[in-house]
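Structure first, commentary second.
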Amino acid sequence: MAKKVLVIDHDREMLLTLIRDLEKYSRTFSTLSAEDGPAALEILKRQPVSLIVVALNLPNKGERGLLDRLSEGYPDIPAIIIAGQGQITAESFASEKAIAGYLERPFIVEDLAKKITAILKREAEGGVLHNIAPGTFLQLMEMESKTCTIRLTDEKSGGQGVLFFRDGEVLDARIEDKRGRDAAYVMLAWDEATLAIQELCPVDENKVQADLQALLLEAMRLKDEKEVAAKEKMTQDEIDEYIISVNQVEVVSEPKNGEAGTKLEEGQSEQEEHVPQPVSKEKRPDHPTQFVHKDKDKQTTAQAPAPPIEQASISYGKRDNIVDSISNLREALLESTTFTYLFRLLVFASILGLITFVFLYSTMESNQDILDQINHAKSLIKSRQDALTQLDSEIELLYRQKDEYFSNRESQLKSIELELKISELEDRQDKIVTEIQIQQKTINEAEARLESQKDKGLFNRLIEQAKKFFPKKGSPSAHINLSLC
Numbered sequence: 008m009a010k011k012v013l014v015i016d017h018d019r020e021m022l023l024t025l026i027r028d029l030e031k032y033s034r035t036f037s038t039l040s041a042e043d044g045p046a047a048l049e050i051l052k053r054q055p056v057s058l059i060v061v062a063l064n065l066p067n068k069g070e071r072g073l074l075d076r077l078s079e080g081y082p083d084i085p086a087i088i089i090a091g092q093g094q095i096t097a098e099s100f101a102s103e104k105a106i107a108g109y110l111e112r113p114f115i116v117e118d119l120a121k122k123i124t125a126i127l128k129r130e131a132e133g134g135v136l137h138n139i140a141p142g143t144f145l146q147l148m149e150m151e152s153k154t155c156t157i158r159l160t161d162e163k164s165g166g167q168g169v170l171f172f173r174d175g176e177v178l179d180a181r182i183e184d185k186r187g188r189d190a191a192y193v194m195l196a197w198d199e200a201t202l203a204i205q206e207l208c209p210v211d212e213n214k215v216q217a218d219l220q221a222l223l224l225e226a227m228r229l230k231d232e233k234e235v236a237a238k239e240k241m242t243q244d245e246i247d248e249y250i251i252s253v254n255q256v257e258v259v260s261e262p263k264n265g266e267a268g269t270k271l272e273e274g275q276s277e278q279e280e281h282v283p284q285p286v287s288k289e290k291r292p293d294h295p296t297q298f299v300h301k302d303k304d305k306q307t308t309a310q311a312p313a314p315p316i317e318q319a320s321i322s323y324g325k326r327d328n329i330v331d332s333i334s335n336l337r338e339a340l341l342e343s344t345t346f347t348y349l350f351r352l353l354v355f356a357s358i359l360g361l362i363t364f365v366f367l368y369s370t371m372e373s374n375q376d377i378l379d380q381i382n383h384a385k386s387l388i389k390s391r392q393d394a395l396t397q398l399d400s401e402i403e404l405l406y407r408q409k410d411e412y413f414s415n416r417e418s419q420l421k422s423i424e425l426e427l428k429i430s431e432l433e434d435r436q437d438k439i440v441t442e443i444q445i446q447q448k449t450i451n452e453a454e455a456r457l458e459s460q461k462d463k464g465l466f467n468r469l470i471e472q473a474k475k476f477f478p479k480k481g482s483p484s485a486h487i488n489l490s491l492c
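Just so we're aligned, residue 8 is where the sequence shown starts under our numbering, counting upward by one.
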């Protein structure tokens, strides 16, 4: 990622010209621009800046105030001033404000670019480490009582921040608009970061006032809370989407309740009026039990007088015979209900038994399944053993490199980096050994099950499988199955 240089000049035309001339160095650094102090301070709050170039006309008190605020709020960011004519004035000003460099107008852009490049290289004069957990490395800085400025870049989000160490103690931290502890919590929660180390600390005041271990614990707690809140928010968003979809379905299904629904019902009723109705030759009673036959010449109903019957093609005698037949059939059906229920129960029990047998047989572990499980575990063990052998060779090589660097005092930082890598590889070794032990245990259990199945028949295995799904009440397995349900 290209480092950023902030250029401040109240003369807009001069500012645009300078920015345009510096564009050809975009591979080394990128430029930001501001026309006054408030705009510059706002940029510094939002973006990480590695260097500030201030064009001023001496002795402008407003510009002096801006430099004072930059020195107080951002002491780690070096500055180059571009002054008017008068070399002695510029030199004294630079010495007074501890400015990293200065130029007089008129100047050549190449000279400014050389100064910028030289100053930016100082940011990482103590070395650059990639893909390092900030918490682990900072603990080493604390143990060795280092004094340095560490610029961190998160590998995941690209966020950039600064930590200030003096004698192994965190004095201050800054990221975007956060300062002190709040900024330290953000950077200590990063999983992996790139660290650029500068072997000086421009900060004297301790604004953190906390031990590094306490900062690490609090950073991890805040990180966990943030992850839990993100998951809860995701769940709430899914619920809101479901409610919206249900409301849309209800709105679509409402047309019949309004004016349109009334018109639709009226249209349906008009269509029904135009449908020709079949003409019946006689009105038949609603239910055959309305007739009680005491005499062929007299007919009465148990509920109400029979309505007048039109002329029918069936005689009264035949109608009586039909009613009697229906009554007899109903009595016969009532008498055979018990047999029907028993027959249905038998069929249901047979189907249920067949389904149970198919279910138990399909869920029962076969010999081939066990053999496949054993072969899979053996292949995993072999691959893990190969990885373990490779890790052993890598660790041995790193130890040799560490011994070489240990004798050279100038390479102590590289030695620390090798220690971190060795620690990570040894952790991976322990995990691989644990995986091999788990797979070996799986193989032993599978072989024991295979031997046990050879001694049992299909019927006994079905019974055991049924006991797993239908245990006796009060047994431990019953509680397990209930919890699974």
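Beta carbons are placed, not taken as given, at the ideal position from N, Cα and C, and that holds for glycine.
Put residue i into one of helix, strand or coil per three-state DSSP.
i	result
E239	helix
S152	coil
Q306	At Q306 the pLDDT is 44, less than 50, meaning the model places this residue with poor confidence and gives no usable figure here.
T35	coil
N138	strand
L202	strand
Y192	helix
V116	helix
Q392	helix
K214	coil
L110	strand
S357	helix
S164	coil
V56	coil
I87	strand
L127	helix
K409	helix
L178	strand
S260	Note that S260 has pLDDT 49, beneath the 50 cutoff, so the model's placement of it is unreliable and the number below is only indicative. Coil at S260, not helix or strand.
S102	Residue placement at S102 is poorly supported in this model, since its pLDDT is 48, which falls under 50; the coordinates still yield a value, given next. Correct three-state label for S102: helix.
A41	strand
Among the options, which one has its Cα closest to the Cα of residue i?
i	options	result
R112	I89, L119, E132, A120	I89
I493	G80, P55, Q54, K121	Absent from the structure is residue 493, since the part of the chain shown begins at 8 and ends at 492.
A190	I204, Q205, L170	L170
F114	L51, M21, M227, K153	M21
Y32	A107, K448, L119, D83	L119
S459	N374, Y348, I250, D18	N374
I381	E442, Q446, S332, D83	Q446
K521	L353, H383, K428	This structure cannot speak to residue 521, because the chain is shown only from 8 to 492.
T24	V116, D83, Y109, R76	V116
A140	S430, N335, R34, G360	S430
P45	R76, E411, P82, K240	R76
K474	R228, K428, A236, T370	T370
P82	G165, R34, A237, D211	D211
Write down the C-beta distance between residue i and residue j rounded to the nearest angstrom, noting that I regard them as a contact closer than 8 Å.
i	j	result
I26	S40	5 Å
G187	K214	5 Å
D16	E42	7 Å
A226	Y192	4 Å
R391	I439	5 Å
E401	L425	Actually they do not touch by this definition, with Cβ atoms about 11 Å apart.
I443	K385	With 8 Å as the limit, I443 and K385 do not qualify as a contact, their Cβ atoms being about 11 Å apart.
L223	G142	5 Å
Determine, using beta carbons only, whether residue i and residue j come nearer to each other than 9 Å.
i	j	result
K10	S57	yes
P209	T156	yes
L13	T38	yes
Q472	L367	yes
I377	A453	yes
G91	I204	no
L195	L136	no
L469	F364	yes
E372	R456	yes
P55	Q167	yes
A62	D18	yes
F36	I106	no
L51	G80	yes
T154	E232	no
Problem - Stretch-stretch touch, CB-based, cutoff 8 Å, three pairs: the region 392-405 with the region 461-471 - result: no
Exercise for the section: Report yes or no: do three or more beta-carbon pairs, one from the region 171-185 and one from the region 113-129, lie closer than 8 Å? Expected result: no
Practice task
Decide yes or no for the touch test of the region 195-211 against the region 160-169: beta carbon pairs closer than 8 Å, at least 3 of them.
Solution key: yes
Practice task
Mind the definition here: the region 140-152 touches the region 165-175 only if three or more C-beta pairs lie below 8 Å; say whether that holds.
Solution key: yes
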